[in-house]
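Using the working numbering, the first residue of the sequence shown is number 17, and each one after it goes up by one.
The C-beta atom is built at its ideal place from N, Cα and C for all residues, glycine as well.
Presented below is the structure to which this report refers.
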Amino acid sequence: MVNITLPDGSIKNFENPVTPHDIALSISEGLARNTISSIVNGTQVETTTTIDKDATVQLLTWNDSLGKKAFWHSSAHLLAQAILAYFPEAKLTIGPAIENGFYYDVDFGEEVLSEKDFEKIEKKMLENAKKNSSFSLYSVSKEDALSEYKDNIYKQELISNLQDGEITFCKHDDFTDLCRGGHIPSTGIVKAVKILNAAGAYWRGDEKNKQLTRVYAISFPKQKDLTEYLELLEEAKRRDHRKLGKEMGIFAFSEKVGAGLPLWLPKGTILRKKLEDFLSKAQKKGGYEFVMTPHIANVELYKTSGHYEKYGADSFQPIKTPHEGEEFFLKPMNCPHHCEIYKTSQWSYRDLPKRYAEFGTVYRYEQSGELHGLTRVRGFTQDDAHIFCTPDQLMDEFKKVIDLTLYVFNSLGFSDFTTQISLRDPENKQKYIGSDENWEKAENAIITAANEKNLKTVIEYGEAAFYGPKLDFMVKDALGRSWQLGTIQVDYNLPERFELNYIGNDGEKHRPVMIHRAPFGSMERFIAILIENTAGEFPLWLAPNPYILLPISEKFADYAEKVSELLENNDISGEIDARNEKTGKKIRDAEMSKFPFMLIVGENEAANGTVSVRKRGEGDLGEMKLEDFISMFKKEATI
Numbered sequence: 017m018v019n020i021t022l023p024d025g026s027i028k029n030f031e032n033p034v035t036p037h038d039i040a041l042s043i044s045e046g047l048a049r050n051t052i053s054s055i056v057n058g059t060q061v062e063t064t065t066t067i068d069k070d071a072t073v074q075l076l077t078w079n080d081s082l083g084k085k086a087f088w089h090s091s092a093h094l095l096a097q098a099i100l101a102y103f104p105e106a107k108l109t110i111g112p113a114i115e116n117g118f119y120y121d122v123d124f125g126e127e128v129l130s131e132k133d134f135e136k137i138e139k140k141m142l143e144n145a146k147k148n149s150s151f152s153l154y155s156v157s158k159e160d161a162l163s164e165y166k167d168n169i170y171k172q173e174l175i176s177n178l179q180d181g182e183i184t185f186c187k188h189d190d191f192t193d194l195c196r197g198g199h200i201p202s203t204g205i206v207k208a209v210k211i212l213n214a215a216g217a218y219w220r221g222d223e224k225n226k227q228l229t230r231v232y233a234i235s236f237p238k239q240k241d242l243t244e245y246l247e248l249l250e251e252a253k254r255r256d257h258r259k260l261g262k263e264m265g266i267f268a269f270s271e272k273v274g275a276g277l278p279l280w281l282p283k284g285t286i287l288r289k290k291l292e293d294f295l296s297k298a299q300k301k302g303g304y305e306f307v308m309t310p311h312i313a314n315v316e317l318y319k320t321s322g323h324y325e326k327y328g329a330d331s332f333q334p335i336k337t338p339h340e341g342e343e344f345f346l347k348p349m350n351c352p353h354h355c356e357i358y359k360t361s362q363w364s365y366r367d368l369p370k371r372y373a374e375f376g377t378v379y380r381y382e383q384s385g386e387l388h389g390l391t392r393v394r395g396f397t398q399d400d401a402h403i404f405c406t407p408d409q410l411m412d413e414f415k416k417v418i419d420l421t422l423y424v425f426n427s428l429g430f431s432d433f434t435t436q437i438s439l440r441d442p443e444n445k446q447k448y449i450g451s452d453e454n455w456e457k458a459e460n461a462i463i464t465a466a467n468e469k470n471l472k473t474v475i476e477y478g479e480a481a482f483y484g485p486k487l488d489f490m491v492k493d494a495l496g497r498s499w500q501l502g503t504i505q506v507d508y509n510l511p512e513r514f515e516l517n518y519i520g521n522d523g524e525k526h527r528p529v530m531i532h533r534a535p536f537g538s539m540e541r542f543i544a545i546l547i548e549n550t551a552g553e554f555p556l557w558l559a560p561n562p563y564i565l566l567p568i569s570e571k572f573a574d575y576a577e578k579v580s581e582l583l584e585n586n587d588i589s590g591e592i593d594a595r596n597e598k599t600g601k602k603i604r605d606a607e608m609s610k611f612p613f614m615l616i617v618g619e620n621e622a623a624n625g626t627v628s629v630r631k632r633g634e635g636d637l638g639e640m641k642l643e644d645f646i647s648m649f650k651k652e653a654t655i
């Protein structure tokens, strides 16, 4: 008798060994048709896998994220098979599923893959998919596996790190690949494919290794799904923050300044300042004190905190002083500095919590191939704060930070999110610092706080910071993409490493608990996501320049100046387009720049002391007295 426990807690009994497909069929034929993968005792396996003892089983369809993972991983085999049909000398390496689709890293040798090859590879993938070949996984000895790939150094390297009993091949049709498993039942389920692009990628992500060609693709069980996805991609291109940031004059990059180091232009600086003022006001109400720390620090600071050991390779190389022989680091994070600020005084339990906030710029070395607009940079500003509190205050303080983060998201239109409770990997504790007892307390505090705030949560093991667990806010944007924005972390370990203390009500020294938090995450990344989420159409209160004055000819430039001065006196800043251009062109340019309001002035307006108002998204609102426009503006610009 085999007892199968399903996700809802129900148990199904089978007389003989059973497969996930059999289990699905015992529920309904429709479920059996749609089940493409499964989880057995926590491991993703094929639907043909034999289960001969009691197990917990989850059946996966295309609608499950892990179902998509199996679908896309299987499609990577089809991609590799099709590539070899046209490039038989190519060396295959790895082909995993990713968040949207899959890729395969290939060494094409002397040959070059170009966009003109994409269509024929896609056709070959679909041609092979129609054969409806089953994916068959089987074990191979290490000796045989090495022999099979005697001409492929990449596969040999992968196999050399495995032992007998750990090596499996997957075969479909006439194609075989080194693979751990997790496939759909057969290739016939794949009905639509698209190669998205090809880019350079170093073998195993190491710049010292050979650069391969990473072929990105995506596949679907219906052509309709692919069509909708490609339409979404086009919309994403329209919203791309790199494109809009340039058109709107938000930020720029310079080769002379350096890759990954953004330059904030005047409008971008206004945008950043408005966001900083918005959060600073909320933090002031929440009892935060503002601090500032330098951009460099002695390397000993980061050795004390543990960041040097964990992240030294991802930081810029130390700066050595010419005479004293000291070593300094460009600041990779703010928390060690805030620990040193805490240590400048002896605190009593009556003084706590201490909440230090800083918009602190940090620097981390990212490989050039990983840089991407504002979302992946080498210098970025965190809306950082660190709270030092007693253990009894921890839960209340953590929930207050959740409230602040939710206020930020709601004010900026991010309402669709999940919170990820990021815990340490119980199988690899050496990656983390601190005692099991402190980790248990920190993890329990986050889980309890999230439950008490009724947050929609998922738990991910192995995603914690090296010093403590996290609550990460995974936000969906207007295109349905998920981004990790705000984060809150509980830390018992840095206070120990920095020997922080406070005097308790017993007159003895006690160790505070530290909360790390950043609702935005980083200003650069947050603004990139905000640009794409709004398509550059920021809410009125946040728009860098909320209006532009358009005099219809040079004769009315003076009146435009008077209007601008009056609006400025009412704390409404904007621009004047005084170019000698036709009004139609000025309007089109203003629309491209996403101004919330266009104020057109000519002979009537100058005579009547009015402006003709065009509002983004609504069009012409007609002629208005200035005081009426100001009243309307201030009402709409309220957060």
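Residues near residue i in its chain [Cβ-Cβ closer than 7 Å; skip 5 each side]
| i | result |
| --- | --- |
| D399 | L295, F375, A534, P535, F536 and M539 |
| E138 | V209, K210 and I211 |
| L248 | L495 |
| Q179 | K158 |
Status (buried if at least 16 other CB within 10 Å, exposed otherwise) for residue i
| i | result |
| --- | --- |
| A268 | exposed |
| T35 | buried |
| F306 | exposed |
| I504 | buried |
| G600 | exposed |
| I335 | exposed |
| R230 | buried |
| M264 | buried |
| V122 | buried |
| V393 | buried |
| L279 | exposed |
| T421 | buried |
| K610 | buried |
| I531 | buried |
Through-space distance from residue j to residue i, alpha-carbon basis
| i | j | result |
| --- | --- | --- |
| I462 | D507 | 11 Å |
| N624 | N426 | 41 Å |
| E356 | K290 | 29 Å |
| A298 | R371 | 13 Å |
| G322 | A559 | 41 Å |
| L287 | I543 | 9 Å |
| I266 | E607 | 16 Å |
| A48 | H199 | 15 Å |
| D432 | P23 | 25 Å |
| D222 | A40 | 43 Å |
| D193 | L260 | 43 Å |
| D189 | E164 | 17 Å |
| K525 | T406 | 12 Å |
| R255 | L153 | 42 Å |
| I568 | V579 | 14 Å |
| G389 | E244 | 26 Å |
| K28 | I20 | 5 Å |
| R541 | Q333 | 24 Å |
| A252 | E553 | 15 Å |
| E577 | P282 | 20 Å |
| G429 | K598 | 36 Å |
| D38 | F30 | 10 Å |
| E386 | D636 | 44 Å |
Residues bridged to residue i [DSSP beta-bridge criterion]
| i | result |
| --- | --- |
| E5 | The chain is shown only over 17 to 655; residue 5 falls outside these bounds and no answer can be derived. |
| M640 | V627 |
| V128 | Paired residues: none, contrary to the question. |
| P567 | V617 |
| L697 | Any answer about residue 697 is impossible in this case: the structure gives the chain only from 17 up to 655. |
| T192 | K187 |
Other residues of its chain near residue i: CB distance less than 8 Å, five sequence neighbours each side excluded
| i | result |
| --- | --- |
| P33 | V18, T66, I67 and D68 |
| P310 | K347 and H353 |
| K416 | G302 |
| T51 | P36, H37, A40, T63, L75, L76 and T77 |
Own chain residues within Cβ distance below 6 Å of residue i, not counting five before or after
| i | result |
| --- | --- |
| I646 | N586 |
| W88 | A113, G117 and F118 |
| G125 | E105 |
| K226 | W219 |
Handout entry: Meets three-Cβ-pair contact criterion under 8 Å: the region 550-566 and the region 612-627
Key = Segments in contact, yes.
Exercise for the section: Could you say if the region 141-151 and the region 204-216 meet the contact criterion of at least three C-beta pairs nearer than 8 Å? Expected result: Yes, they touch.
Exercise for the section: Answer yes if the region 419-438 comes into contact with the region 470-479, meaning at least three C-beta pairs across the two stretches below 8 Å, and no otherwise. Expected result: Contact holds: three or more Cβ-Cβ distances are below 8 Å.
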